[in-house]
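Engineer: What the sequence shown shows, in our numbering, is residues 625 to 1321, in sequence order.
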Amino acid sequence: MHGFFDTRIEFLKGVGPNRAELLNKELQIFTFGDLIQYYPFRHEDRTKFYSINEIKAEMTYIQIKGRIGHIEMIGQGRAKRLIASFTDGTGEIELVWFKGAQWMLKKIQLNNEYVIYGKPTIFNKKLNIAHPEIDTISPTEDGQSFLQPVYPSTEKLKIRYLDSKGISKLQKNLIAEAKQHIRESLSKTILDQYKLISKQEALVNIHFPNDQDKLVRAQYRLKFEEFFYLQLRLIKLKLTRTEKFSGQVFNSTGLLTDFYNNHLPFELTNAQKKVIKEIYQDLKSGKQMNRLIQGDVGSGKTIVSFICMLVVIGNGAQTALMAPTEILADQHYKGLKPFADKLGLEIALLKGSSKKRDRKKIAEKLENGSLQILIGTHALIEDAVQFKNLGLAIVDEQHRFGVAQRSKLWQKNESYLPHILVMTATPIPRTLAMTIYGDLDVSAIDELPAGRKEIQTVHKYDSHRLELFGFMHKQIATGRQVYVVYPLIEESEKLDLKHLTDGFEAISRAFPECQVGILHGKMKSEAKDFEMQRFIRNETQIMVATTVIEVGVNVPNATVMVIENAERFGLAQLHQLRGRVGRGADQSYCILMSSYKLTKESRQRLNTMVKTNNGFDIAEADLKLRGPGDIMGTQQSGILDLLIADIAKDGKILEIARQAAQDILNSDPKLEMEENAAIRNQVKSQRKTSLNWSRIS
Ligand code: ADP
Ligand code: MG
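Given below as C-alpha cells:
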C-alpha cells in the first residue's frame, strides 16, 4: 500500500494531533494503513437475543432485551455496588456495577426497555452480569451491520474515548475514504483458484461484515495473504541460497557400502533409508545442503547421521557432530567409536572440559586432515577449531542451539560452505516447521525401529508413593533399570540440589538391594561421565537425576522413567524424558508423579502424556496449550509477528498458502509475468518493513 495508506493518522477525521500521539504510543498506529490493519479480535453478534431462562453461566457474551424492575446501591466502601434486577418475562438476572455506579444510577430509568450485553457468571448461586453494556433500543438504521467489531484498547485510550466503540468509529471514517484506494495484492489466478474475495471486500468486511459468512471469508482471505507472503519470502530465501551457494560434490559410496554390508548391526527402517537417500541426493547435487531431520525420540537419527558422514569421508572430506550437552557428546562418541575403529577412521571428542594437550592434538589432526570425525559440544564452534576440509556439519538436538551457533558452522570451511544437517527430536508441528525452518529442507523419520513396545504412561499422586516403590522393586528384580527425575523448582540452586539429594537418600533407604547413582548439572564433567558409565554398565540400577538426562541419553536396559513433580514440566520436556526409556525390547513405563494440586493446564499436559506416545500429537497439543510464541524461542525470531493469522489454529490455511507460493515461484521464479504484477509490487513494498529476516537464516 502506498500513497493514501501512508497518510499520517492525525489527518483522519476524528483524530487530530493529541489522539494521534496516543494511537502512536499505545497501539503503534502511525498511518491510515496501520489503522485499517488494526483488526478487531472478535465481533459481537447483535442479531441474536437470548431469553433469560436460556442463560447458563458458562456462556460467553450474550445479549438480552428487557426492563429493569428494581435498582439499588448496596454495601459500604470498597464493597459498594449498584445492583439492578433485569427481567424479560421469562426470568430475572442481576446486573452489577462496582465502578461508575453513581453515574449508572442516574442514567438508568425504571421500566424503560433496554438491550443488555455482557458475560453471565454465577455469584452466590445467582446468575448475574457484571458491568454489562447497556443501550436503549433504537430502531436499526437501514443496512447497518449487526456484527459489531470489538477492538483491543488500553486504559489511556479509553480515557480519550478511544475504547472499542471509539476505535470502531475511526475505522468507519477511514473505510469510507479508503475504499476506493484499496488495491488488489494477489493475482487473479490465485483469487480464482483459491476462491478468495477481493482485498477491498476483505478489508471492509473484516471490520464491518454484512453477515457471518462475509466475516469468515474476509478472515480467510487476509490470513491466506499473510501466510502467502510469509512463505513466498521463505521459499525465495531458500531458492537464492541454493542458487548462490554451491557445495562439494560427494558421490562415491564405497565406504558407506562397506559399512552397510559388513558392520551395520541391524536392519534400517524404511524411514531411515528414505531419509538417507534424500540426504545423499543433496550431497551429490553440487548445491550446499541445508536439511533438517525430524524424528521422534528413539527413531534412530544417530545412525542416519553416521551413514551420511561415511559418504562425505569416503570422498575425502571431514565431518563434525555437535551435541548440546557433554553427556550426549560422550554418548555419541562412545557409540560411534567402535564403528569408526572397524572402518579404520579417526574419531575424536572435543568438549569444554577437554585438556589443553588433547585439544592440541585434535587441532593438528584437523588441520592436516587426518581426523575424519570430530564429535563435541559447542566447543566445536570456537574459532580455534579449524578444519582442513569440513564437508558436513551435523547439529544434534537443534532446539538447544541458537540459530547464530548454527550459522557459525558455515564459517568452518573457507572454500566451500559445509553441508549442514540439523537433527531435532522436539517434534515440531508441520506448520511450525514450515515456518521456522521454512528455509530448510525437511526430512522426517516417521517410523520407529521394529519390535519397540509402546511405553505405558500413568499419572500417580504423591500419596501413592509406596505403590510406585513396589513397582520399581519388581522391575529391578527382573534386571531392569530406573530413572528418577527431579525438576529444578526452587529459586535457588542450593534448594534444588537439596531436593535432589533428599530424593536420592530416600530412594537409597527404600532400595537397600540396589546401587543408586546421582546426576546433575553442577557436577564436574568427569563425575558426570563416571556416573553415566556406571549406569550404562548396569552397576547402578537407579539413576536419580535432574533434566541433564533429558536429551538423547540412550540406555536400552532402562525401562522405568519416574518423573517427580511432573506438573512442573512442559509437554516437550516430558516427552523427551519419557523417550529415555522404551529403547530396548522390554516393555517400558513412564510414571508421572504429582501433587493433588494441579492447574487446569498442568492436568491437561499430564492427560496428554497418558493418552499418547506420538511426538507430533504432543507437539500439536503443546502448540495449542502454549501458543507458538513460547515454543523454541520463536518469540525472538520475529517471524511470528502475524497480524491476523495464527500458526496454532490456521495450519490448514498455512499449508494451502505455502503451496500457492511454491506454485508461483515454480512457474515464475522472478515474478516477472504481467499476471503477477500485484504480487511483485507487494513483495517490493514489504521489503521496507521491519522484519529482520536474516535472523532466521
Ligand atoms: P534418536 O533418534 O532419539 O537420536 P538414537 O539414534 O539414539 O535415537 O537411537 C535409539 C536406539 O535405537 C539406539 O540404541 C540405536 O542403536 C537403535 N536403533 C537405531 N536404528 C535402529 C534400527 N533400524 N533397528 C534397531 N535399532 C535401531
Ligand atoms: Mg539422538
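Even for Gly, the Cβ is constructed at its ideal location relative to N, Cα and C.
Candidates Thr1102, Trp721, Ala964: which alpha carbon is nearest Arg702's?
Structural biologist: Taking only the C-alpha atoms, the option nearest Arg702 is Trp721.
Engineer: Could you spell out the range, first to last residue, of the alpha helix (DSSP H) harbouring Arg857?
Structural biologist: That run of the alpha helix (DSSP H) goes 836-868.
Engineer: Would you kindly check if the distance between the Cβ of Asn1231 and the Cβ of Glu1071 is under 8 Å?
Structural biologist: Contact flag unset, no.
Engineer: Using the Cα positions of Glu1091 and Gly1000, report the straight-line distance between them to the nearest angstrom.
Structural biologist: Rounded to the nearest angstrom, the two C-alpha atoms are 41 Å apart.
Engineer: Please confirm whether Leu646 and Arg784 have their CB atoms less than 8 Å apart.
Structural biologist: Cβ atoms of Leu646 and Arg784: closer than 8 Å.
Engineer: Tell whether a beta-carbon distance below 8 Å holds between Ile676 and Ile717.
Structural biologist: Yes, the Cβ-Cβ distance between Ile676 and Ile717 is below 8 Å.
Engineer: Identify every residue that forms a DSSP beta bridge with Arg691.
Structural biologist: Partner(s): Thr711, Glu737.
Engineer: Please report the distance separating the alpha-carbon of Lys1308 from that of Ala802.
Structural biologist: In a straight line, the C-alpha of Lys1308 is about 22 Å away from that of Ala802.
Engineer: Is Leu892 near ligand 1, with its Cβ less than 7 Å from a heavy atom?
Structural biologist: Answer for Leu892: yes, Cβ within range of ligand 1.
Engineer: Taking 8 Å as the cut-off, decide whether the C-beta atoms of Leu974 and Arg983 are in contact.
Structural biologist: Yes.
Engineer: Tell me whether Asp630 sits in a helix, a strand or coil according to DSSP, three-state version.
Structural biologist: DSSP places Asp630 in helix when its eight states are reduced to three.
Engineer: Please report the straight-line C-alpha distance between Lys1032 and Ala1245, rounded to a whole angstrom.
Structural biologist: Taking the straight line joining both Cα atoms gives about 33 Å.
Engineer: Among the residues of its own chain, which have a CB less than 8 Å from the CB of Phe629, if the five just before and after it don't count?
Structural biologist: Excluding residues within five positions, the ones whose Cβ falls inside 8 Å are Thr655, Phe656, Gly657, Ile660, Ala802, His805.
Engineer: Could you tell me the distance, in whole angstroms, from the CA atom of Tyr1040 to the CA atom of Glu950?
Structural biologist: Their Cα atoms are separated by approximately 29 Å.
Engineer: From Ser870 to Arg1158, what does the alpha carbon distance come to, in whole angstroms?
Structural biologist: In a straight line, the C-alpha of Ser870 is about 46 Å away from that of Arg1158.
Engineer: Please determine whether the Cβ atom of Asp1020 lies at a distance below 7 Å from any heavy atom of ligand 2.
Structural biologist: For ligand 2, at least one heavy atom lies less than 7 Å from the Cβ of Asp1020.
Engineer: In angstroms with no decimal places, state the Cα-to-Cα distance between Gln955 and Arg1250.
Structural biologist: For Gln955 and Arg1250, the distance between alpha carbons rounds to 32 Å.
Engineer: Can you tell me which of the three DSSP states Ser1039 falls into?
Structural biologist: Coil, per DSSP.
Engineer: Report yes if the C-beta of Thr1171 is less than 7 Å from at least one heavy atom of ligand 2; otherwise report no.
Structural biologist: Checking the Cβ of Thr1171 against ligand 2 gives no.
Engineer: Determine the burial state of Gly1127: buried for a count of at least 16 other Cβ atoms within 10 Å of its Cβ, exposed for fewer.
Structural biologist: Looking at its Cβ environment, which holds 16 or more other Cβ atoms inside 10 Å, Gly1127 is buried.
Engineer: Helix, strand or coil for Met1217? Go by DSSP, reduced to three states.
Structural biologist: DSSP places Met1217 in strand when its eight states are reduced to three.
Engineer: Would Ser1067 pass as a contact of Ile971 if the rule is Cβ separation under 8 Å?
Structural biologist: No. Outside cutoff.
Engineer: Is Ile732 closer than 8 Å to Ile695 when the C-beta atoms are compared?
Structural biologist: Closer than 8 Å, so yes.
Engineer: Between which two residues does the alpha helix (DSSP H) carrying Ser966 extend?
Structural biologist: According to the sequence displayed, residue 966 carries Lys and not Ser. 950-967 is the span of the alpha helix (DSSP H), which, as asked, contains Lys966.
Engineer: Once the 5 residues before and after Leu892 are set aside, which same chain residues still bring their CB inside 6 Å of it?
Structural biologist: If we look at Leu892 and ignore the five residues flanking it on each side, it has no Cβ neighbours.
Engineer: Please report the straight-line C-alpha distance between Ala644 and Gln795, rounded to a whole angstrom.
Structural biologist: Each residue's alpha carbon lies about 14 Å from the other.
Engineer: Contact check, Leu1016 vs His1043 under 8 Å by CB: the rounded distance?
Structural biologist: Indeed they touch by this definition, with Cβ atoms about 5 Å apart.
Engineer: Alpha carbon to alpha carbon, what distance is there between Ser1219 and Ser1087?
Structural biologist: Distance between the alpha carbons of Ser1087 and Ser1219 is about 8 Å.
Engineer: How about Leu995 and Gln1035: are their beta carbons less than 8 Å apart?
Structural biologist: No, the pair does not count as a contact, with Cβ atoms beyond the cut-off.
Engineer: Starting from Tyr904, trace the beta strand (DSSP E) both ways and give me its first and last residue.
Structural biologist: It is not in any beta strand (DSSP E) - Tyr904 instead sits in the alpha helix (DSSP H) that spans 894-907.
Engineer: Can you find the residues in the same chain that come closer than 7 Å, C-beta to C-beta, to Met683, ignoring five residues on each side of it along the sequence?
Structural biologist: Cβ neighbours of Met683 beyond the five flanking positions: Pro744.
Engineer: Under 8 Å by Cβ, that's how I've got Ala681 and Lys704 pegged, so tell me the actual separation to the nearest angstrom.
Structural biologist: That belief does not hold up - the Cβ atoms of Ala681 and Lys704 are roughly 25 Å apart, past 8 Å.
Engineer: Exposed or buried, what is Met1167 when buried is set at 16 or more other beta-carbons lying within 10 Å of its beta-carbon?
Structural biologist: So Met1167 ends up on the buried side.
Engineer: Between which two residues does the beta strand (DSSP E) containing Phe874 stretch?
Structural biologist: Phe874 -> no beta strand (DSSP E), and no H or E assigned at all.
Engineer: Within 10 Å of its beta-carbon, does Glu1155 have 16 or more other beta-carbons around it, so buried, or fewer, so exposed?
Structural biologist: Buried, since its Cβ has 16 or more Cβ neighbours within 10 Å.
Engineer: Determine, using beta-carbon pairs with one atom in the stretch 1180-1189 and one in the stretch 1208-1217, whether at least three such pairs fall under 8 Å.
Structural biologist: Result yes; three or more Cβ-Cβ pairs closer than 8 Å.
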